[in-house]
Structure formats: C-alpha cells, structure tokens
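Engineer:
There are 2 protein chains.
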Amino acid sequence: MAIPRAAKTQRRTRIQEEKEEQILEAALDVFSARGFRGSTIDQIAEVAGMSKPNLLYYFRTKEAMHRALIDRVLYTWLEPLRAFDADGDPESEICNYIRRKLEMARDFPRESRLFANEVLQGAPHIEDELKGPLKELVDEKAEVIRTWAKAGKIAECDPYHLIFSIWSTTQHYADFDVQVRAVLGQEHAGAGRFEDAGRFLEQLFTSGLVRPA
Amino acid sequence: MAIPRAAKTQRRTRIQEEKEEQILEAALDVFSARGFRGSTIDQIAEVAGMSKPNLLYYFRTKEAMHRALIDRVLYTWLEPLRAFDADGDPESEICNYIRRKLEMARDFPRESRLFANEVLQGAPHIEDELKGPLKELVDEKAEVIRTWAKAGKIAECDPYHLIFSIWSTTQHYADFDVQVRAVLGQEHAGAGRFEDAGRFLEQLFTSGLVRPA
DNA sequence: AGATAATTTGACCGATTGGTAAACATTACA
DNA sequence: TGTAATGTTTACCAATCGGTCAAATTATCT
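Protein chains in written order, with this note's numbering: chain L, 1 to 213; chain Y, 1001 to 1213.
Okay, structure coming up:
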C-alpha cells in the first residue's frame, strides 16, 4: 500500500523528486498563464505529461500544488531585494536592483505572472506571506533608503513608494508583455526592448533621485 | 415570442437599458476580481440580482458580456492619455497625466484590474484593441514626447518606455492594491497612500526628465 | 527470485460549469 | 381591454470540474 503523504517528508525517492519537479514546472506554466481559478488539474497534468490521478498522488489537491509552487518561487523572487546592500553605493545599489529585477522579468516572466495573478485577485493564498516576510523585508530596506536620504546621499523621498515604483516598472515587462509588444509593434518589440527599458529606467531613477556629486 | 437579440440594436426598451446596465456593473465586479476564466455566470447573476437565464437573455454568452464590458470601459480608460496635449507645457502635461492616472487607479480600480487580468493572461479577447486603437494612440503621443525632447523641453528619453513607466507605476496602486496595503501596514495604508504616491511619482518623473529652467 | 512498498491508471463520483427549452408573467400599445 | 411583443423563471442538458478508489504495474531491497 502507498505511504500516506505525511510520511514523505522523511525520505524522498528519486522518482518523487523528479515527478514533483515535473509537476511544479507544469503548474508554473498553467497557473501563471491562467490564474489559480482559471487553471484546471487536467491542464497541468497534460503539460506535465502524466495522468490526473498520478498528479494527485504527489499533490493531494490543486491548492497544495499551488502552495508548494508559491513557497518554492517566493524566496528566489525576493532575492534581488534581499541583496540590496546598506553599505553599498546608493546609486549603484538602486541601479543594480533595477537591472536585476528587469533581468528577472525577462528570464522568469512566469514567476512574475504567477504572483501578479495572485495579487491581482486579492492574494487569497499568499496574504500571510505579504503581511509577514515581504513586509518585514521591505521595512528593512526602506529604512536603509531613509538612512541614505538622511545622510544626503540621495534625494529625500518616500522609500516605500520608491520600491513600489521599481517593482511596477520592471515587472510590467513580464506581466504586461503582450501589451508592451502590441504597442511597440513588430519593429521595436524584439529582444532589444529589455535593453531599451533598462536604459530608460536607469535614466529615470538616477537623475531623478540620486543627487549629482 | 422574444425578439432575436440582433434586432435589439434598433430600439431599446427602458428595461433593456436598465438591466444591461445592472449586468455590466455586476460583470465588472466579478470579472475584475476573478478574471474571465475564473468568473462564472452564476456569480455575475447573483451580484446583478437576477437569475442566470434572465441574464443570458440580455447577453447570449459569457464572452458577449465580457466584450460589451471591455468596449464600454476601454474608451474611458484611455481618456487621460488622449487628453495629453502637444501644445501644453511638457512638465505639467506629464504631471497631469500622472495625476489623472493615479486618480483613476483610486476611483476606478475595477476597470484597471479588468484590463490587467486580461492582459496578464495573454489578452485573448482584446488583442485587436491593443494592436489597433491603443497602439495608434500611443504612437501619436510618443511622437509628441519626442518632439518635446528634440526641442530641448525635456530630457532625451525613449517615449514609449516613459509611457509604460507611467502606466505601470500608477496602475500598480489599483492592480496590486492588496500588496501595497500589506506592505504599508495598517498605519500607512489609509486613504493618504494615493497622495503619498502622487507626491513621489511627481518627484520621480519631473526631476528625472524635465530639465530645470 | 520473491516480497513489499511505491507508483500509475481507468473507471467513476457528485458538484459545478455554460447554456437551452419552454412555460409563464409582464409590459406596451392599438 | 385585448393581444402581441417583451421579459422572467423553472427545469433541465451535456461537458467539465476537483477528487476518489481499487486494481494493475513498476521499482526496491533482501
């Protein structure tokens, strides 16, 4: 008889790791493209290349799959902000953050859309993560920015809204990719649009916020 | 026998206008909160306060409702960009645009989320609108901005990405409202957050892009 | 190899989905 | 007021939903 899933934390088979990997990869595909409610287990099963009951053998419910996916992706997703260094040079720290966030929008658009879908629909499954770990991290980094401003290293500004504006501008290129490409048209919607965006955003944020020496 | 719906364009009863209004209002509620696929006709019917078949008497399908809603909201939604005046003062035109977009994020968050949901999931129902009317409008306004830059009235920058950054930063406060409130916490998430955001964004965009006299 | 545990599948379940048919009720207008 | 058009509801449909179950298959270990 199959082991109850609670016991699986003890030892994990090679098959378990592979299959759970496969499933979460497929789940990322589907959830990020259609949102939680708009996705079906059958769709994920098809993308993962396995039968629905087989998929439900590894994750008992649709919600369990979603939660596992969120947990796996959230840490990575916050990495750029975590790397924000209080001892670094303010201007280059901000530029680095923008650049890294933009790279993530380019290289991991599904992860971005996964969260966007979730937050957009009221964050029913990640409210705790937002009010807990996320808020704490942002509070910490906002304090760093405030310190920089107090020291005259950057312009006085609301650090929270600064962070929001970096999030929104960069993630826009992942979440609203279809719109960006439609507006830019075939000529300018090529791979170069991320470089263009990077140049613009660096210009926007540095000359706006960082005082010239 | 009931008139086939195609003939309804000819004359519209008072009841028709009222009910269609009711339905679209309810549809905006539901679609904006759950996305197209995540919404059900029953939910919309319940919010609208009528039975499902009654609702389907006015809109034959779920898609017809969605399309009618998009059509009705799109024009209004683009109004602020349309008001962008080539003959105005660049700095105040940009500030006005930001302010109006922010007001819309505050006063019409459902409309913002409706489009966000749609675009986020690949814009299956509004691709034509994006590549047609939207692109044309943005092309026109981008040309205005370029002219300003050429005339030395504002800094040289990519006009398309400037527009994108205004869209993303302002709409962020509607689309990601839950996240914004979670991060700001109860103390700072009050009604004042839109004023704070407005101040920050004006600072960001003007001192970054508009050359001092 | 054989026993045991782990994995996979097809058949199936009740609930919900988008949508229909037709009877019924109401309105508008002559 | 009568009647035809309009509006509303009840009952229903096939398809799909998330999820279960037991049987069949495969991997693991002695």
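Note that the Cβ used here is the ideal one computed from N, Cα and C, for glycine as well. What you are looking at is a predicted structure, and each value in this text was computed from that prediction instead of being measured.
Alpha carbon to alpha carbon, what distance is there between L:F194 and Y:Y1173?
Structural biologist: 23 Å
Engineer: L:E91 and L:T170: beta carbons closer than 8 Å?
Structural biologist: One thing to note: L:E91 has its Cβ no nearer than 8 Å to the Cβ of L:T170.
Engineer: Any contact between the region 1171–1190 of chain Y and the region 1100–1110 of chain Y? By contact I mean 3 or more CB pairs, one from each, below 8 Å.
Structural biologist: yes
Engineer: Count the other C-beta atoms from every protein chain shown that fall within 10 angstroms of the C-beta of L:R5, then say buried if there are 16 or more, exposed otherwise.
Structural biologist: Any reading at L:R5 needs caution, since the residue's pLDDT is 49, under 50, leaving its predicted position unreliable; the model's value is listed next. So L:R5 counts as exposed.
Engineer: In chain Y, which residues lie with their C-beta within 7 Å of the C-beta of L:K135?
Structural biologist: Contact of L:K135 with chain Y by beta-carbon distance below 7 Å involves A1182, V1183, G1185.
Engineer: Between Y:E1020 and Y:Y1058, what straight-line distance do the alpha-carbon atoms span, to the nearest angstrom?
Structural biologist: Roughly 7 Å between the two C-alpha positions.
Engineer: Taking 8 Å as the CB-CB limit, is Y:A1026 close to chain L?
Structural biologist: False, the Cβ-Cβ gap to chain L never drops below 8 Å.
Engineer: From which residue to which residue does the alpha helix (DSSP H) around Y:D1089 run?
Structural biologist: Counting along the chain, Y:D1089 sits inside no alpha helix (DSSP H), nor does DSSP assign it H or E at all.
Engineer: Beta carbon of L:L114, beta carbon of L:L28: below 8 Å?
Structural biologist: yes
Engineer: Hey, could you find the ends of the alpha helix (DSSP H) L:E215 is sitting in?
Structural biologist: Outside the shown range of chain L (1 to 213) lies residue 215 of chain L, about which nothing can therefore be said.
Engineer: Buried or exposed for L:K150, please, with buried defined as at least 16 other CB atoms from any protein chain shown within 10 angstroms of its CB.
Structural biologist: exposed
Engineer: L:A197 versus chain Y: which residues are under 7 Å apart at the beta carbon?
Structural biologist: Residues of chain Y passing the Cβ test: H1161.
Engineer: With a threshold of 16 other CB atoms inside 10 Å of the CB of L:E111, please say whether the residue is buried or exposed.
Structural biologist: buried
Engineer: So what does DSSP say about L:H66, is it helix, strand or coil?
Structural biologist: helix
Engineer: Taking L:H125 and L:F36 to be in contact with their CB atoms under 8 Å, please state how far apart those CB atoms are, rounded to whole angstroms.
Structural biologist: 7 Å
Engineer: Could you check whether the Cβ of L:T147 sits closer than 8 Å to any Cβ belonging to chain Y?
Structural biologist: No, L:T147 does not count as interfacial toward chain Y.
Engineer: By how many angstroms is the C-alpha of L:A45 removed from the C-alpha of L:A214?
Structural biologist: The structure shown does not extend to residue 214 of chain L, since chain L spans only 1 to 213, so no value can be given for it.
Engineer: Could you tell me whether any Cβ in chain Y is nearer than 8 Å to the Cβ of L:C157?
Structural biologist: yes
Engineer: Do L:F200 and Y:H1161 come within 8 Å of each other at the CB atom, strictly closer than that value?
Structural biologist: yes
Engineer: Which residues, taken in chain order from the region 1026–1052 of chain Y, show a beta carbon closer than 7 Å to some beta carbon of chain L?
Structural biologist: A1033, R1034, G1035, R1037, G1038
Engineer: Which bits of chain L does Y:N1096 rub up against, with CB to CB less than 9 Å?
Structural biologist: Neighbours of Y:N1096 on chain L: none; closest Cβ ~18 Å, over 9 Å.
Engineer: Need the endpoints of the alpha helix (DSSP H) that L:E143 sits in, please.
Structural biologist: 135–150
Engineer: Run down chain Y in chain order and give the residues with a C-beta less than 8 Å from the C-beta of L:G122.
Structural biologist: Within 8 Å Cβ-Cβ: A1033, V1178.
Engineer: In chain Y, what lies closer than 9 Å to L:D175 by C-beta?
Structural biologist: A1116, V1119, L1120, S1168, D1175
Engineer: So L:L120 and Y:L1120 are supposed to be a Cβ contact under 8 Å. How far apart are they, rounded?
Structural biologist: The pair is a contact, with the Cβ atoms about 7 Å apart (cut-off 8 Å).
Engineer: At what residues does the alpha helix (DSSP H) containing L:P159 begin and finish?
Structural biologist: 159–175
Engineer: Between L:I98 and L:E202, which are expected to be in contact by the criterion C-beta below 8 Å, what is the C-beta distance as a whole number of angstroms?
Structural biologist: 6 Å
Engineer: Would you mind giving the Cβ-Cβ distance between L:A227 and L:I23, rounded to the nearest angstrom? I have them listed as a contact below 8 Å.
Structural biologist: In the structure as shown, chain L starts at 1 and stops at 213, and residue 227 of chain L therefore has no counterpart that could be examined.
Engineer: State the start and end residues of the unbroken alpha helix (DSSP H) segment that holds Y:K1052.
Structural biologist: 1052–1058
Engineer: For L:E156, name the three-state secondary structure that DSSP assigns.
Structural biologist: coil
Engineer: Residues in the same chain with beta-carbon distance under 8 Å from Y:R1082, minus the five sequence neighbours each way, listed in chain order, please.
Structural biologist: Hits under 8 Å: L1137.
Engineer: Quick check: what's the CA-CA separation for L:E93 versus L:F84?
Structural biologist: 6 Å
Engineer: Under 8 Å Cβ to Cβ from Y:L1106, same chain only, skipping five residues before and after it: list those, please.
Structural biologist: With the sequence shown as reference, residue 1106 of chain Y is identified as Arg, and Leu is not the correct amino acid for it. Closer than 8 Å at Cβ, skipping near neighbours: Y1173, A1174, F1194.
Engineer: What does L:L201 reach in chain Y if we use C-beta pairs closer than 9 Å?
Structural biologist: H1161, S1165
Engineer: Could you please give the first and the last residue of the uninterrupted alpha helix (DSSP H) stretch that includes Y:I1041?
Structural biologist: 1041–1048
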